[in-house]
Amino acid sequence: SQQGEEDPQALSIQEGENATMNCSYKTSINNLQWYRQNSGRGLVHLILIRSNEREKHSGRLRVTLDTSKKSSSLLITASRAADTASYFCATPPYSGGGADGLTFGKGTHLIIQP
Amino acid sequence: DAGVIQSPRHEVTEMGQEVTLRCKPISGHDYLFWYRQTMMRGLELLIYFNNNVPIDDSGMPEDRFSAKMPNASFSTLKIQPSEPRDSAVYFCASSFGRGTEAFFGQGTRLTVV
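Below is the structure:
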């Protein structure tokens with residue numbers, strides 16, 4: 001079963017604008033991770049935010065986490081054409097659970113218009 | 115390290131044939147995952163191993179699917195017999211530690227005709 005669900009499914013913006021995508025999840029988590037997938041390629045890890053963190057930055061990426069709402073957001077500032085990709089959130093099972101595999105949502109397909 | 119290596123990158127086979135997908139994880143990683151990606155279902159976790167031992171195969175769709183990890187540097191996912199609905203991109207990923215960053219291979223695009 002899928003834990004994370006991204007919103008919107010697709011997003012198209014102009015180069016230079018900021019892009020925001022959201023992730024909602026269902027059960028308690030230890031951390032939440034964001035991945036990027038370029039067309040025809042494997043997923044690449046972007047950032048990991050732990051359950052006791054509220055915000056984390058990495059370059060032009062800013063991730064927030066609200067455990068009370070079971071949601072996270074990924075903000076890409078000053079978008080570039082190279083940011084065109086699908087973005088996924090992923091959650092490992094809460095510690096104490098039986099499984100270890102990351103479960104992914106269906107992703108947000110981001111298109112940056114030049 | 116060269117990252118997670120999968121082979122072949124593309125596979126086209128006829129329905130009923132056996133298909134074997136291969137994966138070499140990153141050296142030192144103790145978790146290995148097999149995922150399947152389709153437009154309809156997204157990324158599905160099929161099976162994962164910890165220290166070469168299969169832990170959870172509840173995502174394997176049918177008995178036609180099987181996976182092995184004979185040693186820490188090699189895993190296979192086999193489909194026998196293959197069916198057109200098995201057409202998808204299959205990813206292998208590895209990680210060090212539980213719930214940590216996963217490193218993905220480039221995937222194998224399987225087409226069953």
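For the protein sequence lines, the chains are A and B, in the order given. 45 is the number that our numbering gives to position 45 of the first sequence; each next residue is one higher, with no gaps. Just remember that our numbering sits 114 ahead of the position in the second sequence, which is counted from 1. A virtual CB, placed ideally from N, CA and C, is assigned to each residue, including glycine.
Short Cβ contact (8 Å threshold) for residue i with residue j
i, j, result
"serine 201 of chain B", "valine 226 of chain B", "yes"
"serine 73 of chain A", "threonine 84 of chain A", "no"
"isoleucine 47 of chain A", "isoleucine 112 of chain A", "no"
"glutamate 6 of chain A", "serine 79 of chain A", "no"
"glutamate 197 of chain B", "methionine 129 of chain B", "yes"
"leucine 159 of chain B", "methionine 183 of chain B", "no"
"glutamine 120 of chain B", "threonine 190 of chain B", "no"
"glycine 105 of chain A", "glycine 4 of chain A", "yes"
"glutamine 131 of chain B", "glycine 42 of chain A", "no"
Continuous beta strand (DSSP E) stretch holding residue i: start and end
i, result
"glycine 156 of chain B", "156-164"
"proline 168 of chain B", "167-170"
"leucine 102 of chain A", "No beta strand (DSSP E) holds leucine 102 of chain A; DSSP gives it neither H nor E."
"serine 24 of chain A", "19-24"
"isoleucine 119 of chain B", "119-121"
"glutamine 9 of chain A", "Counting along the chain, glutamine 9 of chain A falls outside any beta strand (DSSP E), and DSSP gives it neither H nor E."
CB contact check: residue i to chain B, cutoff 8 Å
i, result
"glycine 96 of chain A", "The pLDDT assigned to glycine 96 of chain A is 45, lower than 50, so where the model puts this residue is not dependable, and the model offers no usable value."
"leucine 48 of chain A", "yes"
"glycine 187 of chain A", "Nothing can be reported for residue 187 of chain A, as the shown portion of chain A is limited to 1 through 114."
"glycine 59 of chain A", "no"
"glycine 105 of chain A", "yes"
"leucine 102 of chain A", "yes"
"leucine 74 of chain A", "no"
"glycine 42 of chain A", "yes"
Residue environment, residue i, which counts as buried when at least 16 other CB atoms sit within 10 Å
i, result
"histidine 143 of chain B", "buried"
"proline 139 of chain B", "buried"
"arginine 50 of chain A", "exposed"
"glutamate 55 of chain A", "exposed"
"serine 68 of chain A", "exposed"
Any C-beta of chain A under 8 Å from that of residue i
i, result
"valine 167 of chain B", "no"
"threonine 171 of chain B", "Sequence check: residue 171 of chain B is aspartate here, not threonine. No, no contact with chain A."
"glutamine 131 of chain B", "no"
"glutamate 176 of chain B", "no"
Next on the checklist: At 4 residues or longer, what runs of the alpha helix (DSSP H) sit wholly inside the segment 26-100 of chain A?
Outcome noted: Whole alpha helix (DSSP H) segments, 4+ residues: zero.
Next on the checklist: Please give the ranges of any beta strand (DSSP E) in the segment 183-208 of chain B, keeping only runs that are unbroken, at least 3 residues long and fully inside the region.
Outcome noted: Entirely contained in the segment 183-208 of chain B, the beta strand (DSSP E) runs reaching 3 residues are, in chain order, 188-193.
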